[in-house]
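Chemist:
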Amino acid sequence: VGLLDLELNQLTKALFLALVALSVVMVTLQGFVGPWYRNLFRFLLLFSYIIPISLRVNLDMGKAAYGWMIMKDDNIPGTVVRTSTIPEELGRLVYLLTDKTGTLTQNEMIFKRLHLGTVSYGTDTMDEIQSHIINSYSQAHSQNSGNSTSSTPSRKPQSSAPKVRKSVSSRIHEAVKAIALCHNVTPVYESRAGVSGETEYAEVDQDFSDENRTYQASSPDEVALVQWTESVGLTLVNRDLTSMQLKTPGGHILTYYILQIFPFTSESKRMGIIVRDESSGEITFYMKGADVAMSTIVQYNDWLEEECGNMAREGLRTLVVAKKSLTEEQYQDFENRYNQAKLSIHDRNLKVAAVVESLEREMELLCLTGVEDQLQADVRPTLEMLRNAGIKIWMLTGDKLETATCIAKSSHLVSRTQDIHVFRPVTTRGEAHLELNAFRRKHDCALVISGDSLEVCLKYYEHEFVELACQCPAVVCCRCSPTQKAHIVKLLQHHTGKRTCAIGDGGNDVSMIQAADCGIGIEGKEGKQASLAADFSITQFKHIGRLLMVHGRNSYKRSAALGQFVMHRGLIISTMQAVFSSVFYFASVPLYQGFLMVGYATIYTMFPVFSLVLDQDVKPEMALLYPELYKDLTK
1 VGLLDLELNQ
11 LTKALFLALV
21 ALSVVMVTLQ
31 GFVGPWYRNL
41 FRFLLLFSYI
51 IPISLRVNLD
61 MGKAAYGWMI
71 MKDDNIPGTV
81 VRTSTIPEEL
91 GRLVYLLTDK
101 TGTLTQNEMI
111 FKRLHLGTVS
121 YGTDTMDEIQ
131 SHIINSYSQA
141 HSQNSGNSTS
151 STPSRKPQSS
161 APKVRKSVSS
171 RIHEAVKAIA
181 LCHNVTPVYE
191 SRAGVSGETE
201 YAEVDQDFSD
211 ENRTYQASSP
221 DEVALVQWTE
231 SVGLTLVNRD
241 LTSMQLKTPG
251 GHILTYYILQ
261 IFPFTSESKR
271 MGIIVRDESS
281 GEITFYMKGA
291 DVAMSTIVQY
301 NDWLEEECGN
311 MAREGLRTLV
321 VAKKSLTEEQ
331 YQDFENRYNQ
341 AKLSIHDRNL
351 KVAAVVESLE
361 REMELLCLTG
371 VEDQLQADVR
381 PTLEMLRNAG
391 IKIWMLTGDK
401 LETATCIAKS
411 SHLVSRTQDI
421 HVFRPVTTRG
431 EAHLELNAFR
441 RKHDCALVIS
451 GDSLEVCLKY
461 YEHEFVELAC
471 QCPAVVCCRC
481 SPTQKAHIVK
491 LLQHHTGKRT
501 CAIGDGGNDV
511 SMIQAADCGI
521 GIEGKEGKQA
531 SLAADFSITQ
541 FKHIGRLLMV
551 HGRNSYKRSA
561 ALGQFVMHRG
571 LIISTMQAVF
581 SSVFYFASVP
591 LYQGFLMVGY
601 ATIYTMFPVF
611 SLVLDQDVKP
621 EMALLYPELY
631 KDLTK
């Protein structure tokens, strides 16, 4: 239910009280003669036109018309209005809560950086990696063909030598191999067009050429990584439940058997896979995940944290890749414990996690990857327009603090001149108190806070924190869980009483979208969960400008005018009745016949009043040019 409907309900109650008061006044002036209570009821019925019963019908028809106009607008194609009750809410928003990945950014990942601890490769030095890979695989194959009788591992000379620091080439080889193996990606081949063979020939007919291959995975990050390994020469060509096949630059196919796979979850923030090399029989446990989760798992090193920070400041999403070689005995022992844990009845998830964690110790850190997520089209001008319209924008994201800050700057969510106050991690009441005081001294600066610190602040100083945050021009909450997002929305509604709007694109934004007064979903790479749960569904973030500035503003102004008009209409005819009765000694006699009265409220005055639905005070172009016009509605 929109705020407009609630306000009209209040007005209707006031009108009802006016009706009762008017009737009592009439009976009093009459002098309570005869059966006065019967006259009281007659007056109540005669003046009942004060109560705007037809308003609901008119408004609902108006709302349907607004929805139709939004869907028919050629400037925002693909917009779907999934609820016909709250188009006016779009005209009075004060807080806009947005997700980052897929909403402000495209969710199209591009591999930008590989860091091995001592060397870092960027987009312009990828050809070096390619030459290293080509060399290492050509050497491996010449060795393998030399002693094909004994199944020695291809890196025999190295492993027998004393463990000196490995050469850069072999480290690149290991890192790229790990990235090519540790994922949940499946290569898909379209069958050739025009081949109408039987089903048994379908396999043969498939075109296994490089141009025909596309990758499918649940997250675009993984696809970007696998596409990158293909570009440097190690290609994932085939995958089923039990094995994976990689193609080397020389065209050889390497087969790896998948022994176990531990999928990515939002709690563990990492995924692992155990593979066995077909040629050498070596068993390796590969793992990749967020730096927070992986920093405790990998062997001690002095560069991981620093480099993660550097990459995040460039706006890259980071993943840490690590490996661990297992002997046959170690693996068998693990498999037995793992299967037993899977069979346990109580606390199965905990037990399985504990067994997997027994492997996740002292892993060898291979590399750190950085993937860039590009901004959507016209994000900057849209955010600028919304800010000029007096809308405060909060960005709630699950990403790291540095990445979130970087995107906030690059999308101009925080203007160049503004300071950014990064809220230090707090865990206790005292720390939260000190940090809030430090923040209170700053003026006109954006706030960046992590989900954990936010929890602590809300636990002890909810009111003070919300009050301070509401004065900020922009707020960024990073490392937010979906429930936290919804919690923040409810807090804003509760403390400010202003209208909130949430916009997101994935399943993790659904709770936030449903909690907000007005939810907008974007149909993106992550499917339609958000757009189906939302009140309005758009295809691109930039469409939100027109949706609010033009359609929201028009819907609200028109509905408000329509409501006032319908009420005036009832008051006019009741006033005539009151004058008529008072002239004729307060007789409770109708002035007009019944059908005239009913017709007046419905047919006769329907079109002039309903024409307000098509009213337009300024052209859409002007409304977009001067977003300040929107500010007037939210005062």
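Under full-length UniProt numbering, the residue at position 116 of the sequence shown is numbered 116, and the numbers go up by one with no gaps.
Yeah, the Cβ is synthetic: ideal placement off N, Cα and C, and Gly gets one too.
Values in this document were obtained by computation on a predicted structure and should not be read as measured data.
#1: Closest by CA to Ala-408, which one among Thr-427, Ser-219, Leu-447?
#2: If I'm right that Leu-319 touches Asp-221 with Cβ under 8 Å, what's the distance once you round it to whole angstroms?
#3: By Cβ distance, which residues of its chain are closer than 6 Å to Pro-627, with the 5 residues on each side in sequence left out?
#4: By Cβ distance below 6 Å, which residues in the same chain neighbour Phe-586 in space, the five residues on each side in sequence not counted?
#5: Using only alpha-carbon positions, find the residue among Thr-79, Met-606, Met-311 that is nearest to Ser-120.
#6: By Cβ distance below 7 Å, which residues in the same chain neighbour Glu-306 in space, the five residues on each side in sequence not counted?
#7: Roughly how many whole angstroms lie between the Cα atoms of Leu-114 and Gly-122?
#8: Whole angstroms is fine: what's the gap from Phe-111's alpha carbon to Lys-247's?
#9: Since Phe-285 and Lys-324 should fall inside the 8 Å C-beta cutoff, what is the C-beta to C-beta distance between them, to a whole number of angstroms?
#10: Check whether the segment 492-503 touches the segment 47-58, taking contact to mean three or more Cβ pairs, one atom from each stretch, closer than 8 Å.
#11: Could you pull out every residue in the same chain whose Cβ sits closer than 8 Å to the Cβ of residue 638, ignoring the five residues on either side in sequence?
#12: Along the chain, where does the alpha helix (DSSP H) that runs through Phe-43 open and close?
#13: Locate the beta strand (DSSP E) running through Trp-228, then write down its first and last residues.
#14: Can you give me the C-alpha to C-alpha distance between Thr-403 and Gly-506, rounded to a whole angstrom?
#15: Could you say which of Leu-491, Ala-474, Lys-485, Ala-486 lies nearest to Glu-464 if we only look at CA atoms?
#16: Would you kindly check if the distance between the Cβ of Thr-405 and the Cβ of Val-475 is under 9 Å?
#17: Skipping 5 residues on each side, what residues in its chain have a beta carbon closer than 8 Å to that of Glu-467?
#18: Look up Ala-377 in the DSSP assignment and say whether it is helix, strand or coil.
#19: So, under 8 Å CB-CB, Val-237 and Tyr-257 are touching, yes? Tell me the CB distance rounded to an integer number of Å.
#20: Look at the Cβ atom of Gly-34, then the Cβ atom of Leu-562, and state whether they are nearer than 9 Å.
#21: Please report the residue range of the alpha helix (DSSP H) in which Ser-453 lies.
#22: Taking the continuous alpha helix (DSSP H) assigned at Tyr-556, which residues delimit it?
#23: Spatial neighbours of Met-71 within its chain, please: C-beta separation below 8 Å, excluding the five flanking residues on both sides.
#24: Once DSSP output is grouped into helix, strand and coil, what is the label at Gly-497?
#25: Here's a check: name, in chain order, each residue in its chain whose Cβ is nearer than 8 Å to the Cβ of Val-168, leaving out the five neighbours to either side.
#26: How about Tyr-556 and Gly-67: are their beta carbons less than 9 Å apart?
#27: With a CB to CB cut of under 7 Å and the five nearest residues on each side skipped, what residues in its chain are close to Gln-529?
#28: How should Lys-635 be labelled, buried or exposed, when 16 other C-beta atoms within 10 angstroms of its C-beta is the threshold for buried?
#29: Closest by CA to Leu-316, which one among Glu-372, Lys-288, Thr-327?
#30: Helix, strand or coil for Glu-364, going by three-state DSSP, please let me know.
#31: Can you have a look at Glu-329 and say buried or exposed, based on whether 16 or more other CB atoms are within 10 angstroms of its CB?
#32: Around the Cβ of Gly-527, are there at least 16 other Cβ atoms within 10 angstroms (buried) or fewer (exposed)?
#33: Assign Tyr-604 to one of two classes, buried (16 or more other C-beta atoms within 10 Å of its C-beta) or exposed (fewer than that).
#34: Give me the residue from Asp-74, Lys-13, Ser-48, Leu-22 with the minimum Cα distance to His-543.
#35: Less than 9 Å separating the beta-carbons of Glu-278 and Leu-259?
#36: Thinking C-alpha only, which one of Glu-364, Gln-514, Leu-241, Glu-362 is nearest Val-1?
Modeler: With the given structure in hand:
#1: Leu-447
#2: 7 Å
#3: Met-385, Asn-388, Ala-389, Met-549
#4: Met-26, Leu-29, Gln-30
#5: Met-311
#6: none
#7: 7 Å
#8: 20 Å
#9: 5 Å
#10: no
#11: Lying before the first or after the last residue shown, residue 638 is absent from the chain, which here runs from 1 to 635.
#12: 36-46
#13: That residue, Trp-228, is in no beta strand (DSSP E); its alpha helix (DSSP H) goes 220-231.
#14: 19 Å
#15: Leu-491
#16: no
#17: His-495
#18: coil
#19: Not a contact, Cβ separation roughly 15 Å.
#20: no
#21: 451-471
#22: 553-583
#23: Thr-79, Val-80, Val-81
#24: coil
#25: Leu-116, Thr-118, Val-119, His-132
#26: no
#27: Gly-506, Gly-507, Val-510
#28: exposed
#29: Glu-372
#30: strand
#31: exposed
#32: exposed
#33: exposed
#34: Asp-74
#35: no
#36: Gln-514
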